[in-house]
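This report refers to the structure that appears directly beneath it.
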Amino acid sequence: MADIVWADVTGMFPGDTVLASVPVAAQTNILAYVNGDLSSAYFATDSTFKLARIYMAAHMATVGSRAGAVTSGPLQSATSGNVSMTYANVTQAAFYTSTTSYGELYNGLLQSQPGRIVNRTWG
């Protein structure tokens, strides 16, 4: 299966201004990951594998666009006179696929694949 290119991602979601404005260096790194590290063996067809890579690339770009907008640190709130400070406490959960609509699409696609692991308890 051929690698996806950034036009595949923006073509899938043409109205998304975040995806349209991803810097070329970020596009290159995201595409290297989704084209090289996601396994085609998990997906039933080439078309679902392509779709999964598009969804994951869109998810990573969306999460990446949020990174510069957040100050992280242990301080949650402090006030002294007229000055106050509050920092967000960012954890690894920000990178989970359930944090964007594109990640949710990826999760849904994974759940529909025959290669998924199903845990069952028989009692």
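Each residue of the sequence shown is one higher than the last, beginning at 1 in this note's numbering. We put the beta carbon where it would ideally sit given N, CA and C, even for glycine.
Check                                                                                                                                                                        : Outcome
Starting from residue 9, trace the alpha helix (DSSP H) in both directions and tell me its first and last residue.                                                           : 6-12
Using the rule of at least 16 other Cβ atoms within 10 Å of the residue's Cβ for burial, across every protein chain shown, is residue 22 buried or exposed?                  : buried
Short check: CB of residue 106 to CB of residue 55, under 8 angstroms?                                                                                                       : yes
Can you tell me which of the three DSSP states residue 24 falls into?                                                                                                        : helix
Please classify residue 9 as buried or exposed, where buried requires at least 16 neighbouring CB atoms within 10 angstroms.                                                 : buried
Would you tell me roughly how many angstroms separate the C-alpha atoms of residue 97 and residue 65, rounded to the nearest one?                                            : 15 angstroms
Once the 5 residues before and after residue 1 are set aside, which same chain residues still bring their CB inside 8 angstroms of it?                                       : 40, 46, 49, 50
Around the C-beta of residue 103, are 16 or more other C-beta atoms found within 10 angstroms, so that it is buried, or is it exposed?                                       : buried
Taking buried to mean at least 16 other C-beta atoms within 10 Å of its own C-beta, is residue 62 buried or exposed?                                                         : buried
Whose C-beta lies closer than 7 angstroms to the C-beta of residue 53 among residues of the same chain, with five residues either side of it excluded?                       : 4, 34, 35, 38
The alpha helix (DSSP H) that contains residue 111, what's its start and end?                                                                                                : 101-111
Is the beta carbon of residue 110 less than 8 angstroms from the beta carbon of residue 58?                                                                                  : no
Leaving out the 5 sequence neighbours to the left and right, which residues in its chain are closer than 7 angstroms to residue 108 when beta-carbon positions are compared? : none
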